[in-house]
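Residue numbers (our numbering), protein chains in the order written: chain A, 87 to 215; chain B, 87 to 215.
Ideal placement from N, C-alpha and C gives every residue a C-beta, glycine not left out.
What follows is a single structure, written as structure tokens, with notes after it.
Protein chains: 2
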Amino acid sequence: MDANETDRATLALVDRYIAAWNEADPARRRALVAETFEAAARYVDPVAQAEGVEHIDAMIAAVQQRFAGLRFSWVGKVDAHNDRLRFQWALAAAGGDEPLVIGTDIAELSADRRMQTVTGFFDKLPAAA
Amino acid sequence: MDANETDRATLALVDRYIAAWNEADPARRRALVAETFEAAARYVDPVAQAEGVEHIDAMIAAVQQRFAGLRFSWVGKVDAHNDRLRFQWALAAAGGDEPLVIGTDIAELSADRRMQTVTGFFDKLPAAA
Numbered sequence: 087m088d089a090n091e092t093d094r095a096t097l098a099l100v101d102r103y104i105a106a107w108n109e110a111d112p113a114r115r116r117a118l119v120a121e122t123f124e125a126a127a128r129y130v131d132p133v134a135q136a137e138g139v140e141h142i143d144a145m146i147a148a149v150q151q152r153f154a155g156l157r158f159s160w161v162g163k164v165d166a167h168n169d170r171l172r173f174q175w176a177l178a179a180a181g182g183d184e185p186l187v188i189g190t191d192i193a194e195l196s197a198d199r200r201m202q203t204v205t206g207f208f209d210k211l212p213a214a215a
Numbered sequence: 087m088d089a090n091e092t093d094r095a096t097l098a099l100v101d102r103y104i105a106a107w108n109e110a111d112p113a114r115r116r117a118l119v120a121e122t123f124e125a126a127a128r129y130v131d132p133v134a135q136a137e138g139v140e141h142i143d144a145m146i147a148a149v150q151q152r153f154a155g156l157r158f159s160w161v162g163k164v165d166a167h168n169d170r171l172r173f174q175w176a177l178a179a180a181g182g183d184e185p186l187v188i189g190t191d192i193a194e195l196s197a198d199r200r201m202q203t204v205t206g207f208f209d210k211l212p213a214a215a
């Protein structure tokens, strides 16, 4: 792949990742998770951890239940080098209100450009949290 | 370790990491690198990659030669959860001028709390770069 193809593939991967977090249909969400993550992928953020596609899918389902009615979107640009990505995301009401949570995810990609390790950090949390 | 001890150990680790980047004496630098990184640690940023204590030490030596007279410092707070850290650093002239480069490092720690994987991203680069 040339640089532009890599860029497009990277943006498509981050798009799929965010789509998985927003997808309420269990079968479609599971398919997005399997396309986005390597089978043995590990995910860890300050409040959740999961290993493998099945557990990552269950973790996302639990987050969706907890934050029903809110949507994830990505913010700014994807910062990519080597097999690493960094991007910021926001969780907000569908109407486009001020985000409730903003975070940054760092991903390490596998040779087939799926996510192998994702580390999440929170940049903004609700004042009461 | 309780939470405060973990915090102190984490801050000491980041201090050692920055000290290694600033240490001009080869033997002292090598000792700091060995205390900071696991033997087989991997480091990757947009312009440099190294695997293992020896190569990481050589990479730091090369950066010191390239940026002679500049000093690294860490900026803001260390964001830590599970076995992951995130912190921002600046590279500036010793006199405290405007930083030439600002970056963010994300580290995954080993069981003995040394750095196992470090991923660096640049947040600010010189305009000419």
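Does the beta-carbon distance from residue i to residue j come in below 8 Å?
| i | j | result |
| --- | --- | --- |
| Asp220 (chain A) | Glu194 (chain A) | Nothing in the structure corresponds to residue 220 (chain A), since chain A is present only between 87 and 215. |
| Asp165 (chain B) | Phe173 (chain A) | no |
| Leu118 (chain B) | Ala134 (chain B) | no |
| Thr190 (chain A) | Arg128 (chain A) | no |
| Ala176 (chain B) | Ser196 (chain B) | no |
| Thr205 (chain A) | Ile192 (chain B) | yes |
| Pro132 (chain A) | His141 (chain B) | no |
| Gln150 (chain B) | Ala110 (chain B) | yes |
Taking the DSSP output, what are the residues bridged to residue i?
| i | result |
| --- | --- |
| Trp160 (chain B) | B:Trp175 |
| Ala166 (chain A) | A:Leu171 |
| Leu195 (chain B) | B:Met201 |
| Gly189 (chain B) | B:Trp175, B:Phe208 |
| Gln151 (chain A) | Answer is none; Gln151 (chain A) lacks a bridge partner. |
| Glu137 (chain B) | B:Arg128 |
Please go through the same chain and pick out, in chain order, the residues whose beta-carbon is closer than 6 Å to the beta-carbon of residue i, but skip the five residues on each side of it.
| i | result |
| --- | --- |
| Arg157 (chain B) | Asn108, Ala180 |
| Tyr103 (chain A) | Thr122 |
| Gly162 (chain B) | Gln174 |
Go ahead and label residue i buried or exposed: buried means 16 or more other beta carbons lie within 10 angstroms of its beta carbon, across all protein chains shown.
| i | result |
| --- | --- |
| Leu99 (chain B) | buried |
| Leu171 (chain B) | buried |
Go through its chain and collect everything with a Cβ distance to residue i's Cβ below 8 Å, but skip five positions before and after it.
| i | result |
| --- | --- |
| Pro212 (chain B) | Leu186, Val187 |
| Ala147 (chain B) | Pro112, Arg115 |
| Ala144 (chain B) | Ala136 |
| Arg200 (chain B) | Leu99, Glu121, Thr122, Phe123, Glu124, Ala127 |
| Asp209 (chain B) | Gln174, Ile188, Gly189, Thr190 |
| Gly155 (chain B) | Ala179, Ala180 |
| Glu184 (chain B) | Ala178 |
| Asp93 (chain B) | Ala166 |
Go through its chain and collect everything with a Cβ distance to residue i's Cβ below 7 Å, but skip five positions before and after it.
| i | result |
| --- | --- |
| Tyr120 (chain A) | According to the sequence as given, residue 120 (chain A) is Ala; it is not Tyr. Cβ within range, chain order: Val139. |
| Phe153 (chain A) | Leu177 |
State yes or no: is the beta carbon of residue i nearer than 8 Å to at least one beta carbon in chain C?
| i | result |
| --- | --- |
| Ser196 (chain B) | As a matter of chain content, chain C is missing from the structure shown, whose protein chains are A and B. |
Are there any heavy atoms of the ligand MG lying less than 7 Å away from the beta-carbon of residue i, as far as the coordinates show?
| i | result |
| --- | --- |
| Ala105 (chain B) | Looking for the ligand MG in the displayed structure turns up nothing, as the structure carries no ligands at all. |
Cβ-based contacts, 7 Å cut-off: residues of the region 151 to 185 of chain B near chain A: Within the region 151 to 185 of chain B, the residues whose Cβ lies closer than 7 Å to some Cβ of chain A are Asp165, His167, Asn168, Arg170, Arg172, listed in chain order.
To be precise: take each residue of the region 124 to 146 of chain A, compare its Cβ to all Cβ atoms of chain B, and keep it if any distance is under 9 Å. Which residues remain? Of all residues in the region 124 to 146 of chain A, Val130, Asp131, Pro132, Val133, Gln135 have a Cβ within less than 9 Å of some Cβ in chain B.
Taking only beta carbons into account, state which residues of the region 184 to 207 of chain B come closer than 7 Å to chain A, listed in chain order. Going along the region 184 to 207 of chain B in chain order, one finds Ile192, Thr205, Phe207 with a Cβ nearer than 7 Å to chain A.
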